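The next block holds one structure in the form of structure tokens; read it before the comments.
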Amino acid sequence: MSYESVDILQKALTKDVFNYAKSPKKAAGRALGTLVEIINFYLLKSWGYEDYIIIERSIPEYGNNNITHNVEFSLHPTEFVGNINLKTDDLPFTAKKIIKLIKINKQLDSTKIKGTQLLSQSKLLRNSCIIYEDDKKNFVASLREEKDTAWNISIKKLYVQPFVIFECKRVGVEEGIKKGPQTIEKAKQGAYVARSISSLQKIRMNDGSFYGILQLPSGELQYEPYNKFLKHIIDSNTPDLLRNFVLTVGIVSNHGNWFTSENHNKELKVLAQSYDWLLFLTDEGLSQFVENLLLNPTKRYEPVREAFINSYKSQKTGNSFTKVKISLLADKAIQEYFKKNLSKIENWFNVISPIKKNIKHLKLDINSLTQKKWKEILT
1 MSYESVDILQ KALTKDVFNY AKSPKKAAGR ALGTLVEIIN FYLLKSWGYE
51 DYIIIERSIP EYGNNNITHN VEFSLHPTEF VGNINLKTDD LPFTAKKIIK
101 LIKINKQLDS TKIKGTQLLS QSKLLRNSCI IYEDDKKNFV ASLREEKDTA
151 WNISIKKLYV QPFVIFECKR VGVEEGIKKG PQTIEKAKQG AYVARSISSL
201 QKIRMNDGSF YGILQLPSGE LQYEPYNKFL KHIIDSNTPD LLRNFVLTVG
251 IVSNHGNWFT SENHNKELKV LAQSYDWLLF LTDEGLSQFV ENLLLNPTKR
301 YEPVREAFIN SYKSQKTGNS FTKVKISLLA DKAIQEYFKK NLSKIENWFN
351 VISPIKKNIK HLKLDINSLT QKKWKEILT
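Our numbering puts the sequence shown at residues 1 to 379.
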């Protein structure tokens with residue numbers, strides 16, 4: 001079955017999953033927002049960027065560290081620290097246990113070790129698990145593979161300064177909204193973040209076009225038409241251009257509101273002119289994810305539905321289906337689904353801006369940025 005629109009899909013979730021809630025449709029709408037974030041995360045993971053990701057990072061404004069903004073996902077320069085093995089009997093895999101086994105543990109400030117668990121006793125996985133954090137770096141642990149009764153864990157050092165951020169936005173007029181910011185205000189908030197965290201600043205000319213402007217360490221201002229300058233920086237190896245540059249990516253979807261990827265409303269226009277890349281997750285794509293993994297999965301993907309239902313049922317004991325924490329079995333099933341269907345999943349996204357680009361061009365831009373000599377650039 002394929003749903004004609006997210007509105008119909010939302011009604012299906014309202015009936016089949018959230019019928020116990022005081023406001024079933026709103027509960028289904030919030031769950032759809034979580035699904036967009038999960039799809040975004042597993043797309044990045046499928047592209048091979050897991051080792052670069054930090055989730056819900058506070059990113060400072062360019063030139064103004066006093067103001068920070070939380071973003072769903074940020075990609076950071078990465079250095080390999082090491083691999084360790086922990087036995088299943090050692091669960092939970094806490095930050096303290098992992099830090100104790102890495103070779104440089106005595107060089108680290110013990111007060112900076114986080115209270116996180118990479119894998120809990122009940123096998124709840126923490127994605128992009130930060131185990132140590134100070135002003136300059138984060139150590140992030142990731143599960144690699146299970147062998148017999150032991151797990152291999154990879155530890156990476158991620159620099160604080162990101163080179164890409166991703167934000168997921170719900171835009172449009174929300175039915176029945178009574179308080180809180182209207183979605184145009186949320187769109188403006190997203191636009192403000194997109195235009196304030198990178199050294200590459202965007203200004204509008206009197207003909208409506210955009211120029212990019214960047215101040216070099218010498219104080220000299222360098223400027224070009226925005227998209228030309230953007231490509232120049234991404235293709236460059238010049239530290240002065242790359243040091244504080246952040247590529248900004250927004251992902252939006254309908255959520256039962258009244259716009260499409262072809263028919264832009266005010267909110268979409270605001271976001272399209274602010275993010276370097278704005279992607280539209282189609283109704284069809286979100287519908288396929290929900291149908292195949294949550295409502296009518298095959299036996300292989302049943303753990304995904306189970307984690308989803310357990311997280312939203314009226315008597316739930318905890319959430320095991322978010323971008324941050326997810327059931328280990330659900331994680332394995334989603335990874336398999338994305339691996340088997342990656343080309344189809346990439347086609348779930350339409351590129352709103354820049355025009356005449358597709359999602360493969362975005363992947364090329366990110367690949368280019370991951371391959372920079374960031375240690376030298378940031379020193």
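Cβ coordinates follow ideal geometry from the N, Cα and C atoms, glycine included.
Computed from a predicted structure; not experimentally measured.
With a threshold of 16 other CB atoms inside 10 Å of the CB of residue i, please say whether the residue is buried or exposed.
i    : result
N85  : exposed
G318 : exposed
L221 : exposed
T444 : In the structure as shown, the chain begins at 1 and stops at 379. Residue 444 is therefore absent and cannot be evaluated.
I59  : buried
Q117 : buried
D89  : exposed
D276 : buried
R204 : exposed
I153 : buried
I355 : exposed
L67  : Note on residue identity: the sequence assigns Ile, not Leu, to residue 67. I67 is exposed by the Cβ-count criterion.
D331 : buried
S381 : Lying before the first or after the last residue shown, residue 381 is absent from the chain, which here runs from 1 to 379.
R57  : buried
S209 : exposed
Within its chain, find whatever has a CB closer than 8 Å to the CB of residue i; leave out the 5 residues flanking it on each side and keep chain order.
i    : result
I366 : W47, Y49, L75, V164, L247
Just grab the DSSP bridge partners of residue i for me.
i    : result
A150 : K87, K147
E79  : K157
A381 : The structure shown does not extend to residue 381, since the chain spans only 1 to 379, so no value can be given for it.
R57  : V71
G212 : K202, E224
E167 : G250
F349 : L281
Y49  : DSSP lists no partner for Y49.
K325 : R126
Rounded to the nearest angstrom, how far is the Cβ of residue i from that of residue j, given a contact under 8 Å?
i    : j    : result
E346 : I334 : Actually they are not in contact, since the Cβ atoms of E346 and I334 sit about 16 Å apart, beyond 8 Å.
L279 : I251 : 5 Å
V36  : S253 : 5 Å
I326 : L125 : 6 Å
T183 : E267 : 6 Å
I155 : F166 : Not quite, the Cβ-Cβ distance comes to about 23 Å (not below 8 Å), so this is no contact.
For residue i, collect the residues of the same chain with a Cβ closer than 6 Å to its Cβ; drop the 5 residues on either side in sequence, then sort them by chain order.
i    : result
S274 : A191, A194, R195
L241 : I233
K357 : V351
P77  : Y159, W374
K123 : L328
Y393 : This structure leaves residue 393 out entirely; the chain is present only between 1 and 379.
E72  : E37, F166, E167, C168
Going along the chain, which residues of its own chain have a beta-carbon closer than 7 Å to the beta-carbon of residue i, five neighbours each way excluded?
i    : result
G363 : According to the sequence as given, residue 363 is Lys; it is not Gly. Taken in chain order, the residues that qualify are W47.
I38  : K323
**Request:** Would you be able to state if there are at least three C-beta pairs under 8 Å between the region 102-122 and the region 186-203?
**Result:** No, because fewer than three Cβ pairs between the region 186-203 and the region 102-122 fall closer than 8 Å, the two stretches do not touch.
**Message:** With three or more C-beta pairs closer than 8 Å as the rule, is the region 346-357 touching the region 275-289?
**Reply:** Cβ pair count under 8 Å is three or more, so yes.
**Message:** For the pair the region 121-134 and the region 80-100, tell me if three or more CB-CB distances fall below 8 Å.
**Reply:** The region 121-134, when compared against the region 80-100, does touch it at the 8 Å Cβ threshold.
**Asked** Pairing CB atoms from the region 282-299 with CB atoms from the region 196-214, are three or more of them under 8 Å?
**Response** No, the region 282-299 does not touch the region 196-214.
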